[in-house]
Amino acid sequence: MLTIEDIKNYKAPRWDSLPDIDLYMDQVLVVLDKQLSIFKRDAEEKIITAAMINNYVKQKITLPPVNKKYTRYHLAYLYTVCVLKNIMGLADICNGIGNLLNGRHTAEAFDMFCEELDSAMAEAFFGIKRSAPLPQTDEAKVLRAVTTACANMLYSRYLIEKISANKENKEAE
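Throughout, this note's numbering is defined as the position within the sequence shown, counted from one, plus 293.
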């Protein structure tokens, strides 16, 4: 069950915190599983699997690995896809990522997404208003909307689990 401490301690990864060496599939799964753990409903849930990654490559959602190795670019893209697939379909995710990249370096776009996600989670869970305004472009509005939706989805899940746990505790008394 998700706790407030989990949220307080969570910080979406930034480009510079991603491994700067190329990784094999099993290593990618370990890194992403750790970074995405907050989105799991329970400890057993798999947010990302090798089969999912292979399908994303086949569907041209992400670039194929080079010599079976994945780069920072792959990790950033896969992290973003995994976060967003909680709230929207893959076609919309691909269009959205394409719009976010629109002339930006992958590192800049990824960091912007993660900063907005952290801000949205702080606002949803703790009422902390976002300090940095985004430009009034459609792309920025989409970024704010999807990160807010992700944070609200997670907050809703937290509240539902909390209500269920309280109900079970009262019934056990």
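Cβ coordinates follow ideal geometry from the N, Cα and C atoms, glycine included.
Owing to the predicted nature of the structure, the values given are computational and were not obtained by experimental measurement.
Check, Outcome
"Tyr363 - DSSP class collapsed to helix/strand/coil", "strand"
"Leu356 - DSSP class collapsed to helix/strand/coil", "coil"
"Beta-carbon proximity of Ile386 to Val376, cut-off 7 Å", "no"
"Length at least 3, wholly inside the segment 396 to 461: the beta strand (DSSP E) runs in chain order", "none"
"Exposure label - Thr355; buried when at least 16 CB within 10 Å", "buried"
"Closest by C-alpha distance to Ala344, when choosing among Leu329, Met318, Arg365, Leu452", "Met318"
"Cβ neighbour criterion (16 or more within 10 Å) applied to Arg397", "exposed"
"Local conformation of Leu295 per DSSP, three classes", "coil"
"Ile390, enclosing alpha helix (DSSP H) - first and last residue", "383 to 394"
"Rounded Cβ spacing between Lys402 and Leu410 (contact assumed at less than 8 Å)", "In the sequence on display, residue 402 carries Ala and not Lys. The pair is not a contact, with the Cβ atoms about 13 Å apart (cut-off 8 Å)."
"Close Cβ partners of Leu288 (< 6 Å) along its chain, the five nearest in sequence each way excluded", "In the structure as shown, the chain begins at 294 and stops at 466. Residue 288 is therefore absent and cannot be evaluated."
"Val359 versus Asn462 - alpha carbon distance", "52 Å"
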